[in-house]
Amino acid sequence: MRSSSTTYHRYRCCICRIALRTKMDNSSEEESDFSESEINDYVDKPYEQLRTGRLVVKTANGILRCPFCMGKKKQDYKYKDLLQHASGVSKGSKNRNAKQKANHLALAKFLQNELASEADQAPRPAAPTPISQDSEKELYVWPWMGVIVNILVGEDRKSVCDSGYWMKKFAKYRPLNVYIFWNDNEPRAQAIVEFNNDWNGFVNATDFEKLFETNNHSKKNWKAETNLSLDIFGWCARADDYNSNEPIGEFLRQRGKLRTVSDIVNEATQSRNTVVENLTHEIDLTNENLDELQYKYNEKTMSLSRMLEEKDQLHHAFVEETRKTQRLARDNVRRILEEQEKLHQELETKKKKLDSWSKQLNKREALTEIERQKLDEEKKKNDMRNNSLQLASLEQRRADENVLRLVEEQKREKEEALSKILQLEKQLDAKQKLEMEIQELKGKLQVMKHLEDQDDVGVQQKMKEMDDDLNQKVEDLNDLHELYRTLVAKERESNDELQDARKELISGLQDQSSNARVNIGIKRMGDIDIKPFQNTCKQKFSPDEAMIQASTLCSLWQDNLTDPNWHPFKVVTIDGDSQENIDEDDEKLKGLKQEWGDEIYNAVVVALKEMNEYNPTKENMRGRSQKGKRTLEEGEELDVNARPYCLQLVQYLIVDRSRLPGGKIPTLNAFNSFTLKRISTVVLSVIAADVEVV
């Protein structure tokens with residue numbers, strides 16, 4: 005029974021694995037073009053191919069394989085297993101197509117007719133020895149038992165009456181147990197030797213009996229013995245021993261029963277056929293489940309393929325839109341630079357004309373006092389115009405620098421936006437990848453659940469690992485969903501605030517009617533105040549030359565502030581806190597202080613501190629008469645007359661008019677009901693708002 009159970013489990017696992025692989029490989033094959041009734045007619049062709057050697061069953065090294073199930077993991081069959089495989093497929097479930105059944109039917113026929121000799125060469129777990137027809141009808145005690153009599157009990161009773169002694173003595177026959185029958189009144193004892201209940205046990209029992217027959221100590225010799233011998237006698241237990249009234253007979257009736265060899269063979273054959281039928285039924289059920297799982301797998305695969313195609317289309321559209329946006333940005337920058345160059349050329353032309361007029365006026369000399377006075381007046385006017393043009397040129401240069409800064413800011417903002425978009429793309433890819441892996445793991449778990457009845461510890465462990473992996477990926481997907489919802493909420497909140505600011509700006513632009521001058525402006529933190537330069541230069545140069553020198557010197561030091569290689573700060577620790585202070589020993593600052601004085605030095609130091617403390621690309625509102633930046637709450641308390649000047653500063657900052665819808669700049673009449681809180685965001689609102697104010 006133990007050997008039969010082992011063979012059953014091994015055969016069951018083998019058949020399940022073969023059926024699983026065969027089903028999945030053949031799921032994509034086309035159905036055969038002949039019906040079930042034509043299977044026997046189609047058998048001849050593959051059978052002839054097997055006979056001629058075109059299809060190889062037995063390889064050069066003696067390994068048997070199935071030529072119709074190539075590429076499978078199982079390729080090393082025993083003769084019996086291969087015959088069962090071919091028979092099972094040819095008589096299998098209706099899910100098998102007719103062509104597969106015909107091929108395997110031809111294989112079974114070939115094995116039975118051409119390779120029948122392989123059945124004798126294959127190792128058999130329990131091959132019964134040939135016995136005569138009379139022996140087949142003879143009644144034996146089953147499970148197989150051996151009888152030992154005439155055991156002489158001497159002084160050393162422990163060794164003779166110990167079952168371990170007899171187990172060791174007959175160890176080569178592999179007995180399961182030895183039972184001793186003896187009482188104190190008898191000088192001789194008897195014993196029963198129990199063997200396995202399979203064919204191996206039968207072989208061992210017959211060999212045990214032959215041992216005594218060879219030594220003339222068989223049952224026949226025991227019955228013929230007239231004088232009591234000192235040797236032991238032994239034989240296999242049969243019907244007469246079973247029906248005996250002695251203790252041995254009573255023991256045999258309790259532990260066994262009488263059966264013929266042919267009955268045992270028929271019972272084993274019937275049990276094997278029942279196992280084959282059960283396995284065939286289980287294979288049919290497994291094949292049906294595999295068909296259903298394969299259909300679901302194909303459906304999920306098609307859905308995922310469509311999702312990936314849609315993702316690729318969206319990515320392509322995004323790339324095209326990005327290229328279009330970058331091309332438009334380059335065109336705008338080029339157009340701005342061309343307009344600036346044109347204005348610069350016009351200013352140079354006018355300046356040359358004024359210089360020419362001034363030279364002509366200097367050459368002319370009036371003879372009368374009235375003519376000299378007129379000439380003096382013309383000279384003064386020309387000088388004033390010349391100074392105005394020079395100042396305009398300086399302002400134009402500063403405007404050019406501001407435009408370049410705005411271009412750099414725009415470029416940086418675009419890069420930040422692109423990086424955010426790429427990050428969102430990566431998160432979307434991770435989310436889709438997790439969804440795909442989750443669906444794949446679910447499919448694998450469904451397949452593994454149908455293999456749970458194989459009692460395979462490896463399969464159970466694999467299912468547990470896949471289940472843990474699936475739970476982890478589901479948690480990761482939920483985290484990504486939560487992060488995505490948080491980002492969407494923040495983006496929506498920011499968008500709502502921007503829309504409110506736009507609405508307030510439109511309302512203020514529509515109601516504005518006042519055009520009074522005010523004492524408020526917008527200053528970029530880190531810009532140098534030009535007034536100290538003008539005051540110092542007026543003390544050293546003439547009034548006209550002082551303005552030019554002040555503007556030149558201020559622009560020079562403004563460039564020094566933006567130099568990334570110059571950082572005149574040092575770190576000091578005060579009460580345990582680290583602070584950055586101006587390095588007064590810096591050579592540039594020392595030279596500036598010695599050459600131009602404390603007023604210009606302090607102006608540069610203030611700009612350096614602002615540059616180090618604040619982002620130089622952000623505007624802060626401040627009063628002209630009060631040196632310092634204003635918060636939004638302080639801005640609400642300022643005079644409302646600051647609105648027109650704020651608009652003029654916006655017009656000065658927005659050199660690129662194309663950034664406004666229609667290229668139109670708001671006029672003074674657009675401001676009449678602003679609050680200073682809205683004025684603090686007017687630069688960003690006017691640039692970003694999708695409105696048109698005339």
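Quick note: the sequence shown, position 31, residue 35 per our numbering, numbers continuous. Positions of the beta carbon are idealized from the N, C-alpha and C atoms, including for glycine.
Apply the 10 Å Cβ neighbour rule to L312 and answer buried if 16 or more other Cβ atoms are within range, or exposed otherwise. Residue environment for L312: exposed (fewer than 16 other C-beta atoms within 10 angstroms of its C-beta).
If you count every other CB in all the chains shown that lies within 10 Å of the CB of H108, and 16 or more means buried, which is it? Classification for H108: buried.
What is the C-beta distance between I184 and A193, in whole angstroms, given that I count them as a contact (C-beta under 8 Å)? With a Cβ gap of about 6 Å, I184 and A193 count as contacting.
When we look at the beta-carbon of K27 and count the other beta-carbons within 10 Å, is it buried (16 or more) or exposed? Low per-residue confidence applies at K27: pLDDT is 43, beneath 50, and the placement is therefore not dependable enough to give any value.
Please state the DSSP three-state secondary structure of W570. It is coil, neither helix nor strand.
Nearest CA to the CA of T63: which residue from E303, D80 and C73? Measuring from the Cα of T63, the nearest candidate turns out to be D80.
Going by the DSSP bridge assignment, what does R263 pair with across the sheet? According to DSSP, which records beta bridges pairwise, R263 is partnered with Y144.
Do you know whose CA, among S94, S248, S559 and A209, lies nearest D406's CA? Reading the sequence as shown, one finds Asn at residue 406 and not Asp. When each option's Cα is compared against that of N406, the closest is S559.
F212 and G150 - do their beta-carbons sit closer together than 7 Å? Cβ atoms of G150 and F212: closer than 7 Å.
Proximal residues to R327 (C-beta, below 8 Å), its chain only, five neighbours per side dropped: Excluding residues within five positions, none has a Cβ falling inside 8 Å.
Measuring CA to CA, which of V337, R409 and F322 is closest to L426? Distance check between L426 and each of V337, R409 and F322 places F322 closest, using alpha-carbon atoms only.
Which one or two residues does DSSP pair with E198 in a beta bridge? M149 and N181.
Between V153 and F255, is the Cβ-Cβ spacing less than 7 Å? No, they are not a contact pair.
Determine which residues share a DSSP beta bridge with Y699 and list them. Lying before the first or after the last residue shown, residue 699 is absent from the chain, which here runs from 5 to 698.
Euclidean distance between Cα positions of P648 and W561: Because the pLDDT of P648 is 47, which lies under 50, any placement of that residue in the model is unreliable, and the number read from its coordinates should be weighed accordingly. Those two C-alpha atoms are separated by around 31 Å.
Just to confirm my understanding: we take K1, look at its own chain, exclude 5 residues before and 5 after, and list those with CB closer than 7 Å. What are they? Nothing in the structure corresponds to residue 1, since the chain is present only between 5 and 698.
Spatial neighbours of L449 within its chain, please: C-beta separation below 8 Å, excluding the five flanking residues on both sides. Excluding sequence positions up to five before and after L449, its CB lies within less than 8 Å of the CB of M467, M470, D471 and L474, all in the same chain and listed in chain order.
Determine which residues share a DSSP beta bridge with C240 and list them. G150.
Outcome for L596 when other beta-carbon atoms lying within 10 angstroms are tallied against a minimum of 16: Taking all protein chains in view, the Cβ of L596 is crowded by 16 or more other Cβ atoms within 10 Å, so the residue is classified as buried.
Pairwise C-alpha distance: H285 and G92: Distance between the alpha carbons of G92 and H285: 10 Å.
Just to confirm before moving on: does the CB-CB distance between V47 and A106 stay below 7 Å? Against a cut-off of 7 Å, the Cβ pair of A106 and V47 comes out as a contact.
Can you pull the DSSP bridge partners for N270? Its beta-bridge partners do not exist; DSSP assigns none.
Out of W600, E584, R402 and K592, which has the shortest C-alpha to C-alpha gap to E614? For the options W600, E584, R402 and K592, the alpha carbon positioned closest to that of E614 is the one of E584.
N-terminal and C-terminal residue of the beta strand (DSSP E) that N585 is part of: Under the DSSP assignment, N585 falls in the beta strand (DSSP E) whose first and last residues are D581 to I586.
Using three-state DSSP, classify V575 as helix, strand or coil. Strand at V575.
Only counting the same chain, and skipping five residues up and downstream in sequence, which positions put a Cβ closer than 7 Å to that of I252? Cβ within range, chain order: V151, F185, Q194, I196 and D245.
Would you say L432 and L481 are within 7 Å of each other, going by their C-beta atoms? Contact flag unset, no.
Alpha carbon to alpha carbon, how far is S555 from E549? Give it in angstroms, no decimals. Whole-angstrom Cα-Cα distance: 10 Å.
For E479 and G447, the rounded distance between their alpha carbons: Taking the straight line from one Cα to the other gives about 18 Å.
N- and C-terminal bounds of the alpha helix (DSSP H) containing D563: P547 to L565 is the span of the alpha helix (DSSP H), which, as asked, contains D563.
Using DSSP with H/G/I as helix, E/B as strand and the rest coil, what is L234? Note: L234 maps to coil in three-state DSSP.
Using the Cα positions of R259 and G57, report the straight-line distance between them to the nearest angstrom. For R259 and G57, the distance between alpha carbons rounds to 55 Å.
Tell whether a beta-carbon distance below 7 Å holds between F199 and W146. Judged by beta-carbon spacing, W146 lies beyond the 7 Å limit of F199, meaning their Cβ atoms are not closer than that value.
By Cβ distance below 6 Å, which residues in the same chain neighbour I658 in space, the five residues on each side in sequence not counted? Low per-residue confidence applies at I658: pLDDT is 40, beneath 50, and the placement is therefore not dependable enough to give any value.
Where I534 sits in the DSSP three-state scheme: Of the three classes helix, strand and coil, the one that applies to I534 here is coil, per DSSP.
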